[in-house]
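Structure first, then comments.
Protein chains: 2
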Amino acid sequence: MSKVYVNGAYSTKFGELWERDLRSLAVEAAVEAVKDSGLTMKDIDSIVVGNMLASRFAGQDHVGALIASELGISVPASHSEAACASGGTAFRQGWMEILSGQAENVLVVGVEKMNDIGTDEVTTGLSGASDEEWEASVGVTFPSLYAMIAREHMRKYKTTSKDLSLIALKNHMHGSMNPKAQFPKEITLDMAQSAIMVADPLNLMDCSPITDGASAIVLSNKKKKKSIEVLSVAQAQDTLALHDREDITTIGSTVKAANKAFEMAKVQREEIGLIELHDCFTIAELVALEDLGFAKKGEGVKLVRNGDTYYDAKLPVNTSGGLKACGHPVGATGIKQIVEVYDQMNERVGARQVKDLKYALTHNVGGSGATAVVSIFKNLNNA
Amino acid sequence: MSKVYVNGAYSTKFGELWERDLRSLAVEAAVEAVKDSGLTMKDIDSIVVGNMLASRFAGQDHVGALIASELGISVPASHSEAACASGGTAFRQGWMEILSGQAENVLVVGVEKMNDIGTDEVTTGLSGASDEEWEASVGVTFPSLYAMIAREHMRKYKTTSKDLSLIALKNHMHGSMNPKAQFPKEITLDMAQSAIMVADPLNLMDCSPITDGASAIVLSNKKKKKSIEVLSVAQAQDTLALHDREDITTIGSTVKAANKAFEMAKVQREEIGLIELHDCFTIAELVALEDLGFAKKGEGVKLVRNGDTYYDAKLPVNTSGGLKACGHPVGATGIKQIVEVYDQMNERVGARQVKDLKYALTHNVGGSGATAVVSIFKNLNNA
Numbered sequence: 001m002s003k004v005y006v007n008g009a010y011s012t013k014f015g016e017l018w019e020r021d022l023r024s025l026a027v028e029a030a031v032e033a034v035k036d037s038g039l040t041m042k043d044i045d046s047i048v049v050g051n052m053l054a055s056r057f058a059g060q061d062h063v064g065a066l067i068a069s070e071l072g073i074s075v076p077a078s079h080s081e082a083a084c085a086s087g088g089t090a091f092r093q094g095w096m097e098i099l100s101g102q103a104e105n106v107l108v109v110g111v112e113k114m115n116d117i118g119t120d121e122v123t124t125g126l127s128g129a130s131d132e133e134w135e136a137s138v139g140v141t142f143p144s145l146y147a148m149i150a151r152e153h154m155r156k157y158k159t160t161s162k163d164l165s166l167i168a169l170k171n172h173m174h175g176s177m178n179p180k181a182q183f184p185k186e187i188t189l190d191m192a193q194s195a196i197m198v199a200d201p202l203n204l205m206d207c208s209p210i211t212d213g214a215s216a217i218v219l220s221n222k223k224k225k226k227s228i229e230v231l232s233v234a235q236a237q238d239t240l241a242l243h244d245r246e247d248i249t250t251i252g253s254t255v256k257a258a259n260k261a262f263e264m265a266k267v268q269r270e271e272i273g274l275i276e277l278h279d280c281f282t283i284a285e286l287v288a289l290e291d292l293g294f295a296k297k298g299e300g301v302k303l304v305r306n307g308d309t310y311y312d313a314k315l316p317v318n319t320s321g322g323l324k325a326c327g328h329p330v331g332a333t334g335i336k337q338i339v340e341v342y343d344q345m346n347e348r349v350g351a352r353q354v355k356d357l358k359y360a361l362t363h364n365v366g367g368s369g370a371t372a373v374v375s376i377f378k379n380l381n382n383a
Numbered sequence: 001m002s003k004v005y006v007n008g009a010y011s012t013k014f015g016e017l018w019e020r021d022l023r024s025l026a027v028e029a030a031v032e033a034v035k036d037s038g039l040t041m042k043d044i045d046s047i048v049v050g051n052m053l054a055s056r057f058a059g060q061d062h063v064g065a066l067i068a069s070e071l072g073i074s075v076p077a078s079h080s081e082a083a084c085a086s087g088g089t090a091f092r093q094g095w096m097e098i099l100s101g102q103a104e105n106v107l108v109v110g111v112e113k114m115n116d117i118g119t120d121e122v123t124t125g126l127s128g129a130s131d132e133e134w135e136a137s138v139g140v141t142f143p144s145l146y147a148m149i150a151r152e153h154m155r156k157y158k159t160t161s162k163d164l165s166l167i168a169l170k171n172h173m174h175g176s177m178n179p180k181a182q183f184p185k186e187i188t189l190d191m192a193q194s195a196i197m198v199a200d201p202l203n204l205m206d207c208s209p210i211t212d213g214a215s216a217i218v219l220s221n222k223k224k225k226k227s228i229e230v231l232s233v234a235q236a237q238d239t240l241a242l243h244d245r246e247d248i249t250t251i252g253s254t255v256k257a258a259n260k261a262f263e264m265a266k267v268q269r270e271e272i273g274l275i276e277l278h279d280c281f282t283i284a285e286l287v288a289l290e291d292l293g294f295a296k297k298g299e300g301v302k303l304v305r306n307g308d309t310y311y312d313a314k315l316p317v318n319t320s321g322g323l324k325a326c327g328h329p330v331g332a333t334g335i336k337q338i339v340e341v342y343d344q345m346n347e348r349v350g351a352r353q354v355k356d357l358k359y360a361l362t363h364n365v366g367g368s369g370a371t372a373v374v375s376i377f378k379n380l381n382n383a
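Protein sequences appear in the order of chains A and B.
In terms of my numbering, the first sequence has 10 at position 10, counting the first letter as 1, and numbering is strictly consecutive.
In terms of my numbering, the second sequence has 264 at position 264, counting the first letter as 1, and numbering is strictly consecutive.
Here it is in structure tokens:
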């Protein structure tokens, strides 16, 4: 089996980008990632685009063809959609294009444009990630789904609202060092605890913001100077509807994908020096730390309370600022996580630099966990 | 490189299925295709779903997760979208899952539910396959895009409206022998020529009908009794907007994908005994015959006028009835074409059986040709 490397990476600014459209964001990310890889657009054999909602928000389907057309190339261009895991599934397809021998250099682009339409419409659009007939159609929204998960986690494991606020605090502290972040500023515990309620017990500071942005990476079968190696990519599913699960404090797809990713990579959890995980809500970061196997179920709060997940502590989590502070353009998020890993391993992130980074893990989730993609990367300079 | 086989195939009835929803159609096709392959759902390592418009028409994104959840399995489930080529790109991903060593048995499902909403909304939804900012937003619809192609083809090559009607006649004659077809009945030349105009020169009988339906196939790396072999799958792109092309009587993605598919398969055009091609409009069948290399540009009409493309003639085209008579549930179409090839090669299609079939080709198009997927299959009994 041939090896797969990330050889270039780039993210646009995330935020309310009123003067930009979907295609200009995707093109900026694509062109800059290809430039970063040292290749030219002619070297690209295949394109995979991760995007969830251009169909509903912009009336534009066929976004793989759109991006290829804008870039002026005619290589196979695909569109992968798995709600907020669209970046992750696009990455997995790009990885398989190389493993299957169908491509040597693959451009993977994640993009979403979410600020151009009304808040109600965005909420309705995002609810398409849930089970429409059993959840969305009766009024369930994503804050309410994750609020149910939080309530049950609090009941079973004595997790508190303050624990969740500590996660927001940490991610905003990280985000304050990331100029690409939507909200590059710190918050205080008082601000986090007194924010307006969205879906009890989740308040505004427990929720990641939707936004505009694009991220792109170049995957290759050839090692170059800045290469990092993709050791594993594992995807798994859980039930689409939350009510079909035995225990809603655990996300089965994350557990299964993580176990498979570690097995494939032949790496131990203790070796991971950076995690970029899917904190669409603060509770999601806590649940993910446990489901990924970095804490026993119910004990993830210890890492949070100890401050272990800060960029300069023993298990850095979401140094980009996470979905919470960096922002969550849903199709881009899974690729942005890989951009952060690449930039960290190439020691070009400035103040938030993680020291002596050998292995990193990314974790991208669709909906309330029906899809999870977990990947492990190796720093070829340090590992 | 490991070989890839189609080991099971099934299509639901295509038509106005008022009492069925998206998930029940997908599940019927999936369950029956797996049964046909001799496997059980537990043997499936991966699922890829082709679908274009569930997001807009049913408020349901994340359809890969939906179908896996409905089938009760947690293997990687992806959603591939490329407008009307969504089935084709899903098939290509499934093929790469096997080639990359990530799966031994892949279930590929194409599904679309289009009759539940208003005609205007369907037309608007389908226009998402074009360039929204440059085409759809100014009122361009798909009949009008293909009407422009037809007008120019008529101007350059003296193609007539009657030539187009002959294509509809042939596809309806084939469809009359396919009980799964939406319109399993013959039409007369007079009916075809006197149908109401949709977008001059294309009348109602030049347009394929949108519809409800699902098709599924099982891909495997192991040869079984009913196996047919996938010799090649090739995808290419053309510009998204029609006005960016030098010559609108040719679709560059089809030309490029066909050349690559023949090269990869090491098969000559003369060896092809069945073509299932993308006749979203009658003119599209004519243009495709030329772009696929079965006639020189402008000379495809000879095949049509000679009756060479009937199921019992020298180059059978669209024995399923094509999109015209079998119906066009857009995400399912690319898979339905492969179901037809599989059923033909296993000699289980009844009256429309092609004799001594050795090699077959499928051709699935997205939009006005921004995406094309061309695949070649081998009959392991006859070839």
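Glycine included, every Cβ here is placed at the ideal spot set by N, Cα and C.
Any beta-carbon of chain B closer than 8 Å to the one on residue i?
i: Glu97 (chain A); result: yes
i: Lys256 (chain A); result: yes
i: Leu25 (chain A); result: no
i: Ser208 (chain A); result: no
i: Gln102 (chain A); result: yes
i: Ala29 (chain A); result: no
i: Gly367 (chain A); result: yes
Looking at the C-beta of residue i, does it have a partner C-beta in chain A at a distance below 8 Å?
i: Gly389 (chain B); result: With chain B represented from 1 up to 383, any question about residue 389 (chain B) goes unanswered, as that position is not in the structure.
i: Leu240 (chain B); result: yes
i: Gly273 (chain B); result: no
i: Ser69 (chain B); result: yes
i: Ser253 (chain B); result: yes
i: Ala332 (chain B); result: no
So with CB distances below 9 Å, who are the chain B contacts of residue i?
i: Gly139 (chain A); result: None at all; the shortest Cβ gap to chain B is about 12 Å.
i: Pro76 (chain A); result: Thr89, Arg92, Ala234, Gln235, Ala236, Gln237, Ala257, Thr371 and Val373
i: Asp55 (chain A); result: Before going on, a small fix: residue 55 (chain A) reads as Ser here, not Asp. Chain B residues near Ser55 (chain A): Met52, Leu53, Ser55, Arg56, Asp61, Glu81, Gly125 and Gly128.
i: Ala261 (chain A); result: In chain order: nothing, as chain B lies at least about 12 Å away.
i: Ala136 (chain A); result: Gly59 and Gln60
Grab the span of the beta strand (DSSP E) containing residue i for me, first residue to last.
i: Thr371 (chain A); result: Thr371 to Asn379
i: Asn7 (chain B); result: Val4 to Ser11
i: Asn364 (chain B); result: Tyr359 to Gly366
i: His79 (chain A); result: Ala77 to Ser80
i: Gly72 (chain B); result: Taken as a continuous stretch (DSSP letters only), Gly72 (chain B) belongs to no beta strand (DSSP E), as it is neither H nor E.
In the DSSP assignment, find the unbroken alpha helix (DSSP H) run with residue i in it and report its ends.
i: Tyr310 (chain B); result: No alpha helix (DSSP H) contains Tyr310 (chain B), which DSSP labels as neither H nor E.
i: Glu133 (chain A); result: Counting along the chain, Glu133 (chain A) falls outside any alpha helix (DSSP H), and DSSP gives it neither H nor E.
i: Val122 (chain A); result: Thr119 to Leu126
Please name the residue, chosen from the options, that lies closest to residue i on a Cα-to-Cα basis.
i: Glu97 (chain A); options: A:Ile272, A:Met345, A:Leu219 and A:Cys326; result: A:Leu219
i: Arg20 (chain A); options: A:Thr211, A:Tyr10, A:Asn203 and A:Leu107; result: A:Thr211
i: Glu186 (chain A); options: A:Ala325, A:Ser227, A:Trp95 and A:Asp131; result: A:Ala325
i: Leu71 (chain A); options: A:Ala103, A:Ala58, A:Val109 and A:Thr239; result: A:Val109
i: Met52 (chain B); options: B:Ala33, B:Val122 and B:Thr250; result: B:Val122
i: Met205 (chain B); options: B:Ile217, B:Ser215 and B:Leu189; result: B:Leu189
i: Thr239 (chain B); options: A:Arg56, A:Ala234, A:Thr254 and A:Ile67; result: A:Ile67
i: Val230 (chain A); options: A:Val341, A:Asp61, A:Glu32 and A:Ser320; result: A:Val341
i: Ser375 (chain A); options: A:Leu274, A:Glu152 and A:Asn171; result: A:Leu274
i: Phe446 (chain B); options: B:Ala236, B:Lys256, B:Glu135 and B:Cys84; result: With chain B covering only 1 through 383, there is no way to say anything about residue 446 (chain B).
i: Ala236 (chain B); options: A:Ala54, A:Asn115, A:Thr12 and A:Ser78; result: A:Ser78
i: Gly350 (chain B); options: B:Asn178, B:Phe91 and B:Ala29; result: B:Asn178
i: Gly88 (chain A); options: A:Ala26, A:Gln337, A:Asp244 and A:Met264; result: A:Gln337
i: Ile272 (chain B); options: B:Val317, B:Val287 and B:Ile248; result: B:Val317
i: Leu315 (chain B); options: B:Tyr10, B:Val354 and B:Cys207; result: B:Val354
i: Val6 (chain A); options: A:Leu303, A:Val106 and A:Thr159; result: A:Val106
Is the Cβ of residue i closer than 8 Å to any Cβ of chain D?
i: Asp43 (chain B); result: No chain D is present in this structure, whose protein chains are A and B.
Starting from the beta carbon of residue i, find every residue of chain B whose beta carbon is closer than 8 Å, and list them in chain order.
i: Glu132 (chain A); result: Ala58, Gly59 and Gln60
In chain A, which residues lie with their C-beta within 9 Å of the C-beta of residue i?
i: Leu66 (chain B); result: Asp131, Glu132, Leu240 and Ala370
Would you list the residues sitting across from residue i in a DSSP beta bridge?
i: Ala236 (chain A); result: A:Ala372
i: Cys326 (chain A); result: Answer is none; Cys326 (chain A) lacks a bridge partner.
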